[in-house]
Amino acid sequence: MPHSTRTIEGEARQTGPIATSAPTDNASERTATYESLRIPAYRTLFIVGAFGFLATQSQVVARGWLANELSDSNTGLGGVFMAFGISMLVATPLGGVAADRYSKRTILVVTFGMLMFTSLWVGLGVSFDFIEYWMLLATSAIQAVAFSFLVPARMALTGEVVGRELLPNAIILGQITINGSRVIGPAFAGVFIGVAWIGVAGVYYVSAALSVLALLRCFALPPGLPSGERSDRGVLREFGDSVRYVSKHRHVGLLIVVSFVCVMVGFPFVAFLPRLATEVLDVGSAGYGILAAASAVGAVILSMAIAGRSKGRAAWKIQSVTGFAFGATLIVLAVAPNYAFALLAVAAVGAASAGFQAMNNSLVLALSDVEYHGRVQSLMMLSFSGFGMAALPLGVLADEIGLRQTFAIMGALVLVAMSVYVVASRRTRRRIGEADLI
Numbered sequence: 014m015p016h017s018t019r020t021i022e023g024e025a026r027q028t029g030p031i032a033t034s035a036p037t038d039n040a041s042e043r044t045a046t047y048e049s050l051r052i053p054a055y056r057t058l059f060i061v062g063a064f065g066f067l068a069t070q071s072q073v074v075a076r077g078w079l080a081n082e083l084s085d086s087n088t089g090l091g092g093v094f095m096a097f098g099i100s101m102l103v104a105t106p107l108g109g110v111a112a113d114r115y116s117k118r119t120i121l122v123v124t125f126g127m128l129m130f131t132s133l134w135v136g137l138g139v140s141f142d143f144i145e146y147w148m149l150l151a152t153s154a155i156q157a158v159a160f161s162f163l164v165p166a167r168m169a170l171t172g173e174v175v176g177r178e179l180l181p182n183a184i185i186l187g188q189i190t191i192n193g194s195r196v197i198g199p200a201f202a203g204v205f206i207g208v209a210w211i212g213v214a215g216v217y218y219v220s221a222a223l224s225v226l227a228l229l230r231c232f233a234l235p236p237g238l239p240s241g242e243r244s245d246r247g248v249l250r251e252f253g254d255s256v257r258y259v260s261k262h263r264h265v266g267l268l269i270v271v272s273f274v275c276v277m278v279g280f281p282f283v284a285f286l287p288r289l290a291t292e293v294l295d296v297g298s299a300g301y302g303i304l305a306a307a308s309a310v311g312a313v314i315l316s317m318a319i320a321g322r323s324k325g326r327a328a329w330k331i332q333s334v335t336g337f338a339f340g341a342t343l344i345v346l347a348v349a350p351n352y353a354f355a356l357l358a359v360a361a362v363g364a365a366s367a368g369f370q371a372m373n374n375s376l377v378l379a380l381s382d383v384e385y386h387g388r389v390q391s392l393m394m395l396s397f398s399g400f401g402m403a404a405l406p407l408g409v410l411a412d413e414i415g416l417r418q419t420f421a422i423m424g425a426l427v428l429v430a431m432s433v434y435v436v437a438s439r440r441t442r443r444r445i446g447e448a449d450l451i
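Numbered by the working numbering, the letters in the sequence shown go through residues 14 to 451 in order.
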């Protein structure tokens, strides 16, 4: 495929076929909402994601409920997420390099196998009454390692099967599967937990079965082999190359940094929804499931709305607006006077956070050279390791000053981060031209 050369901040680089300048009229910035699904390999990847994310999202609710029962504190909930975050921090460099070195299909098969094993283990622990809090920490850590390999491989394979022109659209459609599973998974899990003959164990068994379905469907995917010869350089040196790459390309680096900060300080709100449901709103497990699903409903609606608007100035505008909305809606959630208002607030938080993260991911990968996609995505994933590690101190803070006050502080920090980002990126974006970036 032909390549075009563009000078950015004084240096020329090869960007790939979508880097060519395009007209700035609204039609050129839009893509058919489901365009990527016309590609058979992407449809398979979409289905794999639907099974896999439904498995993990239903399990998130069960794990949160179980952690709340075993620890009875915000600190205990934060501890599970911290185990996830620390493990992801260690494993993420390996996952990014692996996605650029090895068969992406093989990575997906192995990681779904790991997710199946951990789900089955906890389900058996609950069924036979040998479950303990440390097991939640252990399975959270194992799942973090799995995701550290799964997500970069899946994102890099997405770029291969759809091409760079459709990559933003494919990423946002992928977000729809994630957020759709966040609607169905928590709602069913919340109801199932309250049914005596199903309970938490049943949710974990269903999660294990869905992971098996995702694993089997992976065999219909292309192998996703790396282009060129396999590098014999060390993992840390290759990961270091990605750090130097984003440092050199300032617009990509700024997107990664703002994602890291906003996800780290804002996304832990999902960790504390069980306590919000039980201690603040007093609505039980079913209420918690609906509350978690409300966040995903907002995310699905917004993701579908922006799927065809992922190019040019529209992409940058959506990224900034949803980033600020994320912080503002967290503050609104902090002052929600009742359950109905909290549902609306959580839906708004879910929409804003999903829109920001999806568009940020689209911009980063669309602006990066394809040979760096796995490693750049792993840098993006470091924000989720930060989110996991921030959950524990935020949980301690919530136990000390209250959950509402903690939500307000989190929202304020997101607003500050977005304000700094807009000021820092303005000069770069004006210099290289937003419409010509993707």
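Think of the CB as a built atom: it goes at the ideal place given N, C-alpha and C, for glycine as much as any other residue.
From the options, residue whose alpha carbon lies closest to that of residue i
i: Ala159; options: Thr119, Val175 and Gly340; result: Thr119
i: Leu90; options: Leu378, Val310, Ala284 and Gly401; result: Ala284
i: Phe59; options: Gly187, Ile206, Ser161 and Glu173; result: Gly187
i: Val359; options: Ala166, Val389, Pro281 and Leu228; result: Pro281
i: Phe97; options: Gly311, Gly399 and Arg417; result: Gly399
i: Asp113; options: Ala54, Leu289 and Ser391; result: Ser391
i: Met95; options: Ser86, Gly77, Leu150 and Ser140; result: Leu150
i: Ile414; options: Ala111, Leu170, Ala347 and Leu315; result: Ala347
i: Gly408; options: Arg51, Asp85 and Val73; result: Asp85
i: Gly424; options: Met394, Val345 and Ala309; result: Val345
i: Ser333; options: Ser308, Met372 and Gly302; result: Met372
i: Ile185; options: Leu405, Leu410, Ser316 and Ile422; result: Ser316
i: Asn87; options: Ala411, Arg439, Ala421 and Gly297; result: Ala411
i: Val271; options: Val73, Ser438 and Ala183; result: Ser438
i: Phe337; options: Ala349, Val313, Gly363 and Phe232; result: Gly363
i: Phe130; options: Val259, Ser116, Ala68 and Val208; result: Ala68
i: Ala227; options: Gly65, Glu145, Asp254 and Arg56; result: Gly65
i: Gly126; options: Phe232, Gly172 and Ala183; result: Phe232
i: Leu50; options: Ala154, Lys117 and Pro181; result: Pro181
i: Ala341; options: Leu79, Phe420 and Arg167; result: Phe420
i: Ala361; options: Ile155, Thr190, Gly311 and Ala349; result: Gly311
i: Ala111; options: Ile191, Ala306, Arg167 and Leu304; result: Arg167
i: Ser116; options: Tyr258, Arg263 and Gly237; result: Gly237
i: Ile422; options: Ile331, Tyr434, Phe162 and Leu343; result: Leu343
i: Gln72; options: Ile331, Ala318 and Ala305; result: Ala305
i: Ser375; options: Ser140, Gly77 and Ile331; result: Ile331
i: Tyr434; options: Trp78, Ser140 and Arg263; result: Arg263
i: Arg257; options: Ile52, Ser381 and Trp78; result: Ser381
i: Phe211; options: Ile155, Val139 and Arg250; result: Residue identity differs from the one stated: residue 211 is Ile in this sequence, not Phe. Ranking the options by Cα distance to Ile211, first place goes to Val139.
i: Ile52; options: Leu179, Ala309, Arg250 and Trp78; result: Leu179
Nonlocal neighbours in the same chain, by C-beta distance under 8 Å from residue i, ignoring five residues either side
i: Asp38; result: At Asp38 the pLDDT is 44, less than 50, meaning the model places this residue with poor confidence and gives no usable figure here.
i: Leu416; result: Asn87, Phe285, Arg288, Leu289, Glu292 and Val293
i: Leu83; result: Gly89, Ile144, Glu145, Tyr146 and Leu149
i: Pro235; result: Ala54, Arg118, Leu170, Glu173 and Val174
i: Gly300; result: Gly203, Ala290, Leu294 and Tyr352
Residues near residue i by beta carbon distance below 7 Å, same chain, minus five either side
i: Ala75; result: Ala202, Ile206, Val213, Val216 and Tyr217
i: Val274; result: Ala430
i: Met277; result: Ser396, Gly399, Phe400 and Ala403
i: Val436; result: none
i: Val377; result: Val265, Leu268, Ile269, Val389 and Met393
i: Thr152; result: Thr131, Trp134 and Val135
i: Ala349; result: Ala355 and Ala358
i: Ala183; result: Ser49, Tyr55, Thr171 and Val175
i: Tyr385; result: Ser255 and Tyr258
Same chain, Cβ closer than 6 Å to residue i, neighbours up to 5 away in sequence not counted
i: Phe339; result: Gly279, Ala365, Ser366, Phe369 and Val427
i: Gln418; result: none
i: Pro36; result: At Pro36, the pLDDT of 38 sits below 50, so the modelled position is not reliable and the matter cannot be decided from this model.
i: Thr291; result: none
i: Ser432; result: none
i: Tyr6; result: In the structure displayed, the chain extends from 14 to 451; residue 6 sits before or after that span and is not available.
i: Leu102; result: Ser398
i: Ala307; result: Leu356, Val359 and Ala360
Distance between beta carbons of residue j and residue i, contact taken as under 8 Å
i: Leu133; j: Ala63; result: At roughly 21 Å, the Cβ-Cβ gap does not stay under 8 Å, so Leu133 and Ala63 are not in contact.
i: Leu121; j: Val61; result: 7 Å
i: Val219; j: Gly302; result: So it is not a contact: roughly 14 Å between Cβ atoms.
i: Val174; j: Tyr47; result: With a Cβ gap of about 15 Å, Val174 and Tyr47 do not count as contacting.
i: Gly108; j: Ser255; result: The Cβ separation is near 12 Å, so there is no contact.
i: Ser100; j: Ala157; result: 4 Å
i: Val93; j: Ala80; result: 5 Å
i: Arg230; j: Thr57; result: 7 Å
i: Ser224; j: Leu128; result: 5 Å
Cβ-heavy atom distance, residue i to the ligand GDP, below 8 Å
i: Val409; result: Questions concerning the ligand GDP fall outside what the structure shown contains, since it holds no ligand whatsoever.
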